[in-house]
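Q:
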Amino acid sequence: WASENDHLDCVKYLLTHGANVEQGMTGGPAERGWTALMAASYHGKLKCVRYLVSHGARVDTTCEDGWTALMAASSKGYLEIVKYLVSCGADILLRNSDNCRAEDEARQQDQEETARFLRCKRKGYHYVPSPYTII
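The sequence shown begins at 1 in the UniProt record's numbering and counts up by one.
(1) Taking the Cβ atom as the reference point for each residue, do Tyr42 and Ala19 lie within a distance shorter than 9 Å?
(2) Please classify Pro29 as buried or exposed, where buried requires at least 16 other C-beta atoms within 10 Å of its C-beta.
(3) Starting from the Cα of Leu70, find the closest Cα among Gly124, Ser54, Ala90 and give me that residue.
(4) Take the Cβ of Lys45 as the centre, count every other Cβ of all protein chains shown within 10 Å, and call the residue buried at 16 or more, exposed below.
(5) How big is the Cα-Cα spacing for residue 136 and Glu64?
(6) Is it buried or exposed for Arg116, if we count other Cβ within 10 angstroms and need 16 for buried?
(7) Taking just the CA atoms, how far does His17 sit from Tyr125?
(8) Can you tell me whether Val128 is helix, strand or coil according to DSSP?
(9) Return the chain-ordered list of same chain residues with a C-beta closer than 7 Å to the C-beta of Thr62, the five sequence neighbours on each side being excluded.
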């Protein structure tokens, strides 16, 4: 997939030549209907995420297991992508087939700063980065 490997020129080419931005992947057991946006989010490719969203990718599309791009980025701790998806209207309360929200996926993978950001959003608090965040 061009989006998961950060091949933005290829992503642009495919979309300008009629590729469906919402087409789900079918190649392997882990993919189970993941969209290009989910793949880019999971692999931390912010430029591709922004481009895909600006060209019609829906932030709350789910795959067969109920995962969203927000859950994918959260599970890997890609906080900038998480913030971007939330700013684009991603629903932080959606649950996947394991009954987990993006916040839960982040916490299960020890992505505490990402989980903290999502918890603040869920509770309506202002998020302030932890002074102990490793950059």
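Think of the CB as a built atom: it goes at the ideal place given N, C-alpha and C, for glycine as much as any other residue.
A: The answer reads as follows:
(1) no
(2) Any reading at Pro29 must be qualified, since the residue scores a pLDDT of 47, below 50, and its modelled position is unreliable; the value itself is stated next. Exposed, since its Cβ has fewer than 16 Cβ neighbours within 10 Å.
(3) Ala90
(4) buried
(5) Residue 136 lies beyond the range of the chain shown here (1 to 135); nothing can be said about it.
(6) buried
(7) 43 Å
(8) coil
(9) Thr68
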